[in-house]
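Worksheet: the structure to be examined is printed underneath.
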Amino acid sequence: MALVPRSNGSTVQSSEFRLQTVEMHTGGEPVRIIVSGYPILEGKTVLEKMTFAKKNEDHLRKMLILEPRGHRCMYGAVLVTPRHPLAHLGVFFMHNNGYGTMCGHGVISLCRFAIEYGYVTPIEPETEVNIECPCGLVRALVEYTGGKTGDVRFESVTAFVSHQDVEVEVPDYGKVSVDVSYGGSFFAIVDASDLGINVSTSPVNVISKAASAVFDAVRGTITIRHPSNDDLSFICGVVITDGNDEWSEQPTLNISVFGDEKVDRSPCGSGLTSRLAVQYHKRQISIGQKRVFQNGKTGSQFTGTVLRESTVGKHKGIIVEVKGRGHFCGEATFIREADDVFGEGVSNQVKDTRWIWRMQQPR
1 MALVPRSNGS TVQSSEFRLQ TVEMHTGGEP VRIIVSGYPI LEGKTVLEKM TFAKKNEDHL
61 RKMLILEPRG HRCMYGAVLV TPRHPLAHLG VFFMHNNGYG TMCGHGVISL CRFAIEYGYV
121 TPIEPETEVN IECPCGLVRA LVEYTGGKTG DVRFESVTAF VSHQDVEVEV PDYGKVSVDV
181 SYGGSFFAIV DASDLGINVS TSPVNVISKA ASAVFDAVRG TITIRHPSND DLSFICGVVI
241 TDGNDEWSEQ PTLNISVFGD EKVDRSPCGS GLTSRLAVQY HKRQISIGQK RVFQNGKTGS
301 QFTGTVLRES TVGKHKGIIV EVKGRGHFCG EATFIREADD VFGEGVSNQV KDTRWIWRMQ
361 QPR
(Lines of atoms letter the chains of each structure in order from A and count residues from 1; the text may use other names and numbers.)
(Lines give C-alpha, C1' and ligand atoms only; values in the text may rest on other atoms or scores of the structure.)
Protein backbone atom coordinates (compact mmCIF):
# COMPACT_ATOMS: atom_id res chain seq x y z
CA MET A 1 0.00 0.00 0.00
CA ALA A 2 1.37 3.41 -0.96
CA LEU A 3 2.04 5.86 1.85
CA VAL A 4 0.16 9.12 1.29
CA PRO A 5 0.35 12.17 3.61
CA ARG A 6 -2.95 12.79 5.43
CA SER A 7 -3.64 16.11 3.69
CA ASN A 8 -1.97 19.12 2.14
CA GLY A 9 -2.17 20.83 5.51
CA SER A 10 -0.48 18.02 7.40
CA THR A 11 2.74 18.38 9.36
CA VAL A 12 4.58 16.34 6.73
CA GLN A 13 3.44 18.54 3.85
CA SER A 14 4.30 21.77 5.66
CA SER A 15 7.76 20.73 6.80
CA GLU A 16 10.47 23.37 6.98
CA PHE A 17 12.70 21.68 4.39
CA ARG A 18 11.93 19.08 1.72
CA LEU A 19 14.75 17.67 -0.37
CA GLN A 20 14.47 14.94 -2.98
CA THR A 21 17.33 12.61 -3.79
CA VAL A 22 18.35 9.74 -6.02
CA GLU A 23 20.19 7.08 -4.05
CA MET A 24 23.07 5.19 -5.71
CA HIS A 25 26.23 3.32 -4.80
CA THR A 26 29.52 2.60 -6.54
CA GLY A 27 31.36 -0.46 -5.32
CA GLY A 28 29.31 -0.34 -2.12
CA GLU A 29 30.01 3.33 -1.40
CA PRO A 30 26.82 5.42 -1.24
CA VAL A 31 26.09 8.47 -3.38
CA ARG A 32 23.11 10.61 -2.34
CA ILE A 33 22.35 12.87 -5.30
CA ILE A 34 20.23 15.91 -4.39
CA VAL A 35 17.92 16.64 -7.31
CA SER A 36 15.52 19.21 -5.83
CA GLY A 37 14.93 21.37 -2.76
CA TYR A 38 18.48 22.66 -2.39
CA PRO A 39 18.65 26.48 -2.53
CA ILE A 40 20.24 28.39 -5.39
CA LEU A 41 23.86 29.14 -4.55
CA GLU A 42 25.80 32.30 -5.21
CA GLY A 43 29.02 32.10 -7.21
CA LYS A 44 30.19 31.94 -10.80
CA THR A 45 32.19 28.70 -10.62
CA VAL A 46 31.31 25.36 -9.09
CA LEU A 47 34.09 25.91 -6.54
CA GLU A 48 32.64 29.30 -5.56
CA LYS A 49 29.19 27.73 -5.16
CA MET A 50 30.65 25.00 -2.94
CA THR A 51 32.37 27.66 -0.82
CA PHE A 52 29.10 29.57 -0.51
CA ALA A 53 27.26 26.39 0.54
CA LYS A 54 29.92 25.70 3.15
CA LYS A 55 29.45 29.13 4.69
CA ASN A 56 25.67 29.52 4.34
CA GLU A 57 23.93 26.17 3.84
CA ASP A 58 25.96 23.74 5.93
CA HIS A 59 22.85 22.86 7.94
CA LEU A 60 21.59 20.98 4.85
CA ARG A 61 24.78 18.93 4.66
CA LYS A 62 24.33 17.96 8.29
CA MET A 63 20.65 17.20 7.73
CA LEU A 64 21.28 14.82 4.82
CA ILE A 65 24.63 13.28 5.71
CA LEU A 66 24.52 12.74 9.48
CA GLU A 67 22.21 10.42 11.41
CA PRO A 68 19.26 9.96 11.57
CA ARG A 69 18.85 10.57 7.81
CA GLY A 70 22.37 9.50 6.91
CA HIS A 71 25.33 7.91 8.65
CA ARG A 72 29.02 8.43 9.29
CA CYS A 73 30.04 7.10 5.87
CA MET A 74 27.33 8.74 3.72
CA TYR A 75 28.49 10.75 0.70
CA GLY A 76 26.40 13.43 -0.99
CA ALA A 77 26.40 15.16 -4.37
CA VAL A 78 24.85 18.60 -4.91
CA LEU A 79 23.87 19.39 -8.51
CA VAL A 80 24.56 22.98 -9.63
CA THR A 81 24.57 24.84 -12.93
CA PRO A 82 27.96 24.34 -14.61
CA ARG A 83 30.04 27.18 -16.01
CA HIS A 84 32.16 25.18 -18.45
CA PRO A 85 30.58 25.19 -21.94
CA LEU A 86 31.17 21.44 -22.43
CA ALA A 87 29.72 20.35 -19.07
CA HIS A 88 26.40 18.54 -18.85
CA LEU A 89 26.29 18.78 -15.07
CA GLY A 90 27.93 20.76 -12.31
CA VAL A 91 28.42 19.09 -8.93
CA PHE A 92 30.25 19.33 -5.62
CA PHE A 93 30.45 16.69 -2.93
CA MET A 94 29.89 16.56 0.82
CA HIS A 95 30.59 14.11 3.63
CA ASN A 96 30.37 13.86 7.40
CA ASN A 97 33.07 16.45 8.04
CA GLY A 98 32.72 18.89 5.16
CA TYR A 99 33.00 19.11 1.39
CA GLY A 100 34.93 17.49 -1.46
CA THR A 101 36.32 18.94 -4.70
CA MET A 102 36.39 15.59 -6.50
CA CYS A 103 34.92 12.15 -5.92
CA GLY A 104 35.68 9.31 -8.33
CA HIS A 105 32.98 6.95 -7.12
CA GLY A 106 30.54 9.85 -7.18
CA VAL A 107 31.40 10.73 -10.78
CA ILE A 108 30.93 7.10 -11.85
CA SER A 109 27.40 6.98 -10.40
CA LEU A 110 26.56 10.48 -11.62
CA CYS A 111 27.38 9.53 -15.22
CA ARG A 112 24.77 6.76 -15.24
CA PHE A 113 22.37 9.10 -13.45
CA ALA A 114 22.87 11.81 -16.09
CA ILE A 115 21.71 9.46 -18.85
CA GLU A 116 18.97 7.62 -16.96
CA TYR A 117 17.40 10.88 -15.75
CA GLY A 118 17.52 12.65 -19.10
CA TYR A 119 20.35 15.14 -18.65
CA VAL A 120 22.25 13.56 -21.55
CA THR A 121 20.89 11.89 -24.70
CA PRO A 122 22.41 8.40 -24.97
CA ILE A 123 24.37 7.21 -28.00
CA GLU A 124 25.55 3.63 -28.62
CA PRO A 125 28.00 2.11 -27.90
CA GLU A 126 29.33 4.81 -25.57
CA THR A 127 27.88 8.13 -24.47
CA GLU A 128 30.03 11.10 -23.46
CA VAL A 129 29.14 12.73 -20.15
CA ASN A 130 31.08 15.75 -18.92
CA ILE A 131 30.80 16.79 -15.28
CA GLU A 132 32.22 20.01 -13.89
CA CYS A 133 33.55 19.50 -10.37
CA PRO A 134 35.30 22.10 -8.19
CA CYS A 135 38.62 20.63 -9.37
CA GLY A 136 37.71 21.13 -13.05
CA LEU A 137 35.97 19.40 -15.96
CA VAL A 138 35.86 15.60 -15.74
CA ARG A 139 35.21 13.85 -19.06
CA ALA A 140 33.63 10.41 -19.02
CA LEU A 141 32.29 7.72 -21.34
CA VAL A 142 29.36 5.50 -20.37
CA GLU A 143 28.70 2.13 -21.99
CA TYR A 144 25.27 2.17 -23.61
CA THR A 145 23.87 -0.84 -25.47
CA GLY A 146 20.35 -2.17 -25.87
CA GLY A 147 18.91 0.84 -24.07
CA LYS A 148 20.92 0.18 -20.91
CA THR A 149 23.78 2.05 -19.27
CA GLY A 150 26.78 0.12 -17.94
CA ASP A 151 30.39 0.68 -16.95
CA VAL A 152 31.81 4.20 -16.75
CA ARG A 153 35.34 5.36 -17.49
CA PHE A 154 36.49 8.89 -16.85
CA GLU A 155 39.66 10.90 -17.31
CA SER A 156 41.10 12.56 -14.23
CA VAL A 157 42.40 16.06 -13.95
CA THR A 158 46.21 16.28 -13.86
CA ALA A 159 47.42 14.10 -10.99
CA PHE A 160 50.79 14.93 -9.46
CA VAL A 161 53.03 14.27 -6.46
CA SER A 162 53.31 17.11 -3.97
CA HIS A 163 55.54 15.48 -1.34
CA GLN A 164 57.48 12.22 -1.57
CA ASP A 165 58.67 10.00 1.29
CA VAL A 166 58.20 12.62 3.98
CA GLU A 167 58.83 11.33 7.50
CA VAL A 168 55.97 12.39 9.78
CA GLU A 169 55.69 11.82 13.53
CA VAL A 170 52.29 10.24 14.11
CA PRO A 171 51.21 10.01 17.78
CA ASP A 172 50.91 6.38 18.96
CA TYR A 173 52.48 5.13 15.71
CA GLY A 174 55.90 6.77 15.60
CA LYS A 175 57.66 8.04 12.48
CA VAL A 176 55.81 7.15 9.29
CA SER A 177 56.81 7.69 5.65
CA VAL A 178 54.11 9.59 3.78
CA ASP A 179 53.56 10.54 0.14
CA VAL A 180 51.16 13.40 -0.62
CA SER A 181 49.65 13.59 -4.09
CA TYR A 182 46.77 15.17 -5.93
CA GLY A 183 44.16 13.26 -7.91
CA GLY A 184 41.37 15.83 -7.88
CA SER A 185 41.87 16.17 -4.14
CA PHE A 186 45.02 15.86 -2.03
CA PHE A 187 45.62 12.54 -0.29
CA ALA A 188 48.24 11.33 2.16
CA ILE A 189 49.31 7.83 1.11
CA VAL A 190 50.74 5.42 3.67
CA ASP A 191 51.79 1.77 3.64
CA ALA A 192 49.70 -0.09 6.23
CA SER A 193 52.75 -2.00 7.47
CA ASP A 194 54.34 1.30 8.59
CA LEU A 195 51.38 1.68 10.96
CA GLY A 196 51.47 -1.93 12.16
CA ILE A 197 48.14 -2.77 10.50
CA ASN A 198 46.81 -4.72 7.52
CA VAL A 199 44.18 -3.44 5.06
CA SER A 200 42.57 -6.89 4.82
CA THR A 201 42.78 -8.40 8.29
CA SER A 202 42.80 -5.45 10.70
CA PRO A 203 39.37 -4.37 11.99
CA VAL A 204 37.95 -1.36 10.19
CA ASN A 205 37.89 0.76 13.35
CA VAL A 206 41.62 0.09 13.82
CA ILE A 207 42.32 1.17 10.23
CA SER A 208 40.17 4.30 10.48
CA LYS A 209 41.79 5.28 13.78
CA ALA A 210 45.26 4.98 12.25
CA ALA A 211 44.21 6.94 9.17
CA SER A 212 42.74 9.69 11.35
CA ALA A 213 46.03 9.96 13.27
CA VAL A 214 47.95 10.26 9.99
CA PHE A 215 45.46 12.85 8.72
CA ASP A 216 45.95 15.06 11.78
CA ALA A 217 49.73 14.65 11.73
CA VAL A 218 50.03 15.53 8.03
CA ARG A 219 47.80 18.59 8.40
CA GLY A 220 49.99 19.75 11.29
CA THR A 221 53.36 19.29 9.57
CA ILE A 222 53.03 19.46 5.76
CA THR A 223 52.03 22.59 3.88
CA ILE A 224 49.68 21.74 1.01
CA ARG A 225 49.66 24.08 -1.96
CA HIS A 226 47.83 23.57 -5.24
CA PRO A 227 49.77 25.34 -8.02
CA SER A 228 46.76 27.02 -9.63
CA ASN A 229 44.09 27.41 -6.95
CA ASP A 230 44.58 27.99 -3.22
CA ASP A 231 40.98 26.89 -2.54
CA LEU A 232 42.06 23.33 -3.48
CA SER A 233 45.00 23.40 -1.07
CA PHE A 234 43.89 21.00 1.66
CA ILE A 235 44.20 17.32 2.53
CA CYS A 236 40.98 15.48 1.73
CA GLY A 237 41.79 12.04 3.10
CA VAL A 238 44.26 9.24 3.74
CA VAL A 239 44.83 6.16 1.58
CA ILE A 240 46.11 3.17 3.55
CA THR A 241 47.71 0.71 1.10
CA ASP A 242 49.01 -2.86 1.06
CA GLY A 243 52.40 -1.56 -0.13
CA ASN A 244 52.06 -3.52 -3.38
CA ASP A 245 53.07 -0.62 -5.61
CA GLU A 246 55.25 -2.22 -8.29
CA TRP A 247 53.17 -2.90 -11.40
CA SER A 248 51.48 -6.28 -11.41
CA GLU A 249 48.45 -7.93 -12.99
CA GLN A 250 47.31 -8.76 -9.47
CA PRO A 251 45.03 -6.28 -7.66
CA THR A 252 46.56 -3.93 -5.13
CA LEU A 253 44.52 -3.29 -1.99
CA ASN A 254 43.76 -0.06 -0.17
CA ILE A 255 41.24 1.65 2.06
CA SER A 256 40.57 5.39 1.91
CA VAL A 257 39.43 7.31 4.96
CA PHE A 258 37.96 10.83 4.89
CA GLY A 259 36.75 13.45 7.33
CA ASP A 260 35.78 12.16 10.74
CA GLU A 261 36.85 8.53 10.14
CA LYS A 262 34.58 8.09 7.10
CA VAL A 263 35.62 4.78 5.55
CA ASP A 264 35.20 4.39 1.79
CA ARG A 265 33.59 1.10 0.75
CA SER A 266 34.87 1.50 -2.82
CA PRO A 267 38.53 1.55 -3.97
CA CYS A 268 38.14 5.38 -4.21
CA GLY A 269 38.57 6.86 -7.68
CA SER A 270 40.42 10.03 -6.68
CA GLY A 271 42.47 8.05 -4.16
CA LEU A 272 43.63 5.51 -6.74
CA THR A 273 44.39 8.39 -9.13
CA SER A 274 46.62 9.85 -6.44
CA ARG A 275 48.25 6.45 -5.91
CA LEU A 276 48.98 6.12 -9.63
CA ALA A 277 50.58 9.57 -9.61
CA VAL A 278 52.99 8.38 -6.91
CA GLN A 279 53.63 5.04 -8.64
CA TYR A 280 54.40 6.76 -11.94
CA HIS A 281 56.64 9.31 -10.20
CA LYS A 282 58.59 6.44 -8.63
CA ARG A 283 58.75 4.56 -11.97
CA GLN A 284 56.65 1.69 -10.67
CA ILE A 285 54.18 1.93 -13.57
CA SER A 286 54.42 3.20 -17.16
CA ILE A 287 52.25 5.04 -19.67
CA GLY A 288 49.59 2.71 -21.05
CA GLN A 289 49.71 0.26 -18.15
CA LYS A 290 46.58 -0.45 -16.12
CA ARG A 291 46.18 -1.62 -12.56
CA VAL A 292 43.28 -3.10 -10.62
CA PHE A 293 42.64 -1.40 -7.28
CA GLN A 294 40.58 -3.30 -4.72
CA ASN A 295 39.01 -2.23 -1.45
CA GLY A 296 40.70 -4.25 1.27
CA LYS A 297 37.40 -5.09 2.99
CA THR A 298 34.52 -5.12 0.51
CA GLY A 299 36.52 -6.52 -2.40
CA SER A 300 35.01 -4.00 -4.85
CA GLN A 301 37.31 -3.04 -7.71
CA PHE A 302 38.12 -0.11 -10.00
CA THR A 303 40.62 -0.16 -12.87
CA GLY A 304 43.13 2.68 -13.24
CA THR A 305 45.17 3.31 -16.40
CA VAL A 306 47.99 5.82 -16.87
CA LEU A 307 47.01 7.53 -20.14
CA ARG A 308 49.61 10.26 -20.69
CA GLU A 309 51.81 12.85 -19.05
CA SER A 310 50.50 16.30 -18.22
CA THR A 311 51.52 19.36 -16.24
CA VAL A 312 49.91 21.79 -13.83
CA GLY A 313 51.98 24.80 -12.85
CA LYS A 314 55.53 23.55 -12.31
CA HIS A 315 54.36 20.04 -11.45
CA LYS A 316 54.78 17.22 -13.94
CA GLY A 317 51.95 14.75 -13.61
CA ILE A 318 49.72 12.31 -15.43
CA ILE A 319 46.19 11.88 -16.71
CA VAL A 320 44.52 8.74 -15.38
CA GLU A 321 41.52 6.82 -16.65
CA VAL A 322 39.35 5.30 -13.91
CA LYS A 323 36.78 2.62 -14.71
CA GLY A 324 33.95 1.28 -12.54
CA ARG A 325 30.18 1.00 -12.30
CA GLY A 326 27.49 2.60 -10.16
CA HIS A 327 24.10 1.13 -9.27
CA PHE A 328 20.74 2.66 -8.41
CA CYS A 329 19.28 2.02 -4.95
CA GLY A 330 16.13 4.15 -5.01
CA GLU A 331 14.65 7.61 -4.64
CA ALA A 332 13.89 9.46 -1.43
CA THR A 333 12.31 12.58 0.03
CA PHE A 334 13.82 14.00 3.21
CA ILE A 335 12.04 16.50 5.42
CA ARG A 336 12.89 18.54 8.50
CA GLU A 337 10.24 19.73 10.90
CA ALA A 338 10.84 23.08 12.56
CA ASP A 339 10.71 21.63 16.09
CA ASP A 340 13.03 18.68 15.38
CA VAL A 341 15.99 19.09 17.73
CA PHE A 342 17.93 16.67 15.51
CA GLY A 343 16.98 18.49 12.34
CA GLU A 344 20.64 19.10 11.60
CA GLY A 345 21.65 15.55 12.44
CA VAL A 346 23.26 13.82 15.37
CA SER A 347 26.80 14.98 16.07
CA ASN A 348 29.70 12.81 14.94
CA GLN A 349 30.85 12.91 18.55
CA VAL A 350 28.31 10.18 19.28
CA LYS A 351 30.25 6.95 18.91
CA ASP A 352 29.45 3.43 19.94
CA THR A 353 31.87 0.68 19.00
CA ARG A 354 28.97 -1.76 18.62
CA TRP A 355 27.85 0.25 15.57
CA ILE A 356 31.21 0.25 13.81
CA TRP A 357 31.11 -1.22 10.32
CA ARG A 358 32.56 -4.75 10.42
CA MET A 359 33.21 -6.76 7.30
CA GLN A 360 35.26 -9.90 6.86
CA GLN A 361 38.01 -10.31 4.30
CA PRO A 362 36.44 -11.40 0.97
CA ARG A 363 36.77 -15.09 0.29
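Residue numbers 1 to 363, in UniProt numbering, belong to the letters of the sequence shown in order. For every residue, glycine included, the Cβ atom is placed at its ideal position computed from N, Cα and C.
Here's the rule I'm using: 16 or more other beta-carbon atoms within 10 Å means buried, otherwise exposed. How should residue i be labelled?
{"i": "ALA332", "result": "exposed"}
{"i": "LYS262", "result": "buried"}
{"i": "GLU132", "result": "buried"}
{"i": "LYS88", "result": "It should be noted that the sequence gives His, not Lys, for residue 88. So HIS88 counts as buried."}
{"i": "THR121", "result": "exposed"}
{"i": "THR311", "result": "exposed"}
{"i": "ARG363", "result": "Because the pLDDT at ARG363 is just 37, under 50, the model does not fix this residue reliably, and the value given afterwards should be weighed accordingly. ARG363 comes out exposed."}
{"i": "ASP230", "result": "exposed"}
{"i": "TYR341", "result": "Checking the sequence, you will find Val at residue 341 rather than Tyr. So VAL341 ends up on the exposed side."}
{"i": "GLU321", "result": "buried"}
{"i": "VAL146", "result": "The question names Val, but residue 146 is Gly in the sequence shown. Under this definition GLY146 is an exposed residue."}
{"i": "TRP355", "result": "Here the model assigns TRP355 a pLDDT of 38, short of 50, so the residue's position is not dependable, and the following value carries that caveat. Under this definition TRP355 is an exposed residue."}
{"i": "ASP264", "result": "buried"}
{"i": "ARG283", "result": "exposed"}
{"i": "GLY269", "result": "buried"}
{"i": "SER36", "result": "exposed"}
{"i": "HIS327", "result": "exposed"}
{"i": "LEU86", "result": "exposed"}
{"i": "MET1", "result": "Below a pLDDT of 50, predicted positions are generally treated as unreliable, and MET1, at 41, falls in that range; the measurement from the model is reported next regardless. So MET1 ends up on the exposed side."}
{"i": "GLU128", "result": "exposed"}
{"i": "SER300", "result": "buried"}
{"i": "PRO267", "result": "buried"}
{"i": "GLU29", "result": "buried"}
{"i": "GLY118", "result": "exposed"}
{"i": "PRO82", "result": "buried"}
{"i": "GLY345", "result": "buried"}
{"i": "ILE108", "result": "buried"}
{"i": "residue 447", "result": "A question about residue 447 goes unanswered here, because the residues of the chain that appear run from 1 up to 363."}
{"i": "ILE40", "result": "exposed"}
Is residue i helix, strand or coil when you go by DSSP?
{"i": "LEU64", "result": "helix"}
{"i": "GLN279", "result": "helix"}
{"i": "HIS105", "result": "helix"}
{"i": "ASP230", "result": "helix"}
{"i": "GLU132", "result": "strand"}
{"i": "LEU79", "result": "strand"}
{"i": "GLY118", "result": "coil"}
{"i": "PHE187", "result": "strand"}
{"i": "SER181", "result": "strand"}
{"i": "PHE113", "result": "helix"}
{"i": "LEU272", "result": "helix"}
{"i": "LEU86", "result": "coil"}
{"i": "SER310", "result": "strand"}
{"i": "LEU195", "result": "helix"}
Would you mind reading off the limits of the alpha helix (DSSP H) that contains residue i?
{"i": "SER208", "result": "204 to 221"}
By the DSSP assignment, the beta strand (DSSP E) with residue i in it spans what residues?
{"i": "GLU155", "result": "148 to 155"}
{"i": "LYS323", "result": "315 to 324"}
{"i": "ASN56", "result": "ASN56 -> not in any beta strand (DSSP E); alpha helix (DSSP H) instead, spanning 46 to 56."}
{"i": "GLU169", "result": "159 to 170"}
{"i": "THR201", "result": "It is not in any beta strand (DSSP E) - THR201 carries neither H nor E in the DSSP assignment."}
{"i": "CYS236", "result": "235 to 241"}
Could you tell me which residues DSSP pairs with residue i in its beta bridges?
{"i": "LEU19", "result": "PHE334"}
{"i": "GLN294", "result": "LEU253, GLN301"}
{"i": "HIS25", "result": "PRO30, HIS327"}
{"i": "GLY100", "result": "PHE93"}
{"i": "SER36", "result": "GLN20"}
{"i": "PHE342", "result": "According to DSSP, PHE342 bridges with nothing at all."}
{"i": "TYR144", "result": "THR149"}
{"i": "GLU124", "result": "Note: GLU124 sits in no beta bridge, so no partner."}
{"i": "GLY174", "result": "VAL170"}
{"i": "LEU137", "result": "GLU132"}
Of all Cβ atoms in chain B, is any one closer than 8 Å to the Cβ of residue i?
{"i": "ALA332", "result": "Looking for chain B here will not work: only one protein chain is present."}
Return yes when at least one heavy atom of the ligand HEM lies under 7 Å from the C-beta of residue i, else no.
{"i": "GLY100", "result": "Looking for the ligand HEM in the displayed structure turns up nothing, as the structure carries no ligands at all."}
At least three beta-carbon pairs within less than 8 Å, the region 214 to 234 to the region 162 to 181 | Counting Cβ pairs under 8 Å, three or more are found: they touch.
If you pair each beta-carbon of the region 52 to 63 with each one of the region 336 to 348, do three or more pairs fall below 8 Å?
-> Taking 8 Å as the limit for Cβ pairs, the verdict is that the region 336 to 348 does touch the region 52 to 63.
Counting Cβ pairs closer than 8 Å, one from the region 300 to 311 and one from the region 270 to 289, do we hit at least three?
-> Of all C-beta pairs linking the region 300 to 311 to the region 270 to 289, three or more are shorter than 8 Å, placing the two stretches in contact.
Are there three or more Cβ pairs, one per stretch, closer than 8 Å when the region 262 to 282 is compared with the region 172 to 191?
-> With a cut-off of 8 Å, the region 172 to 191 and the region 262 to 282 count as touching, because enough Cβ pairs lie within range.
Three CB pairs or more closer than 8 Å across the region 140 to 154 and the region 237 to 251 = Three or more beta-carbon pairs separated by less than 8 Å are not found between the region 140 to 154 and the region 237 to 251, which leaves the two stretches without contact.
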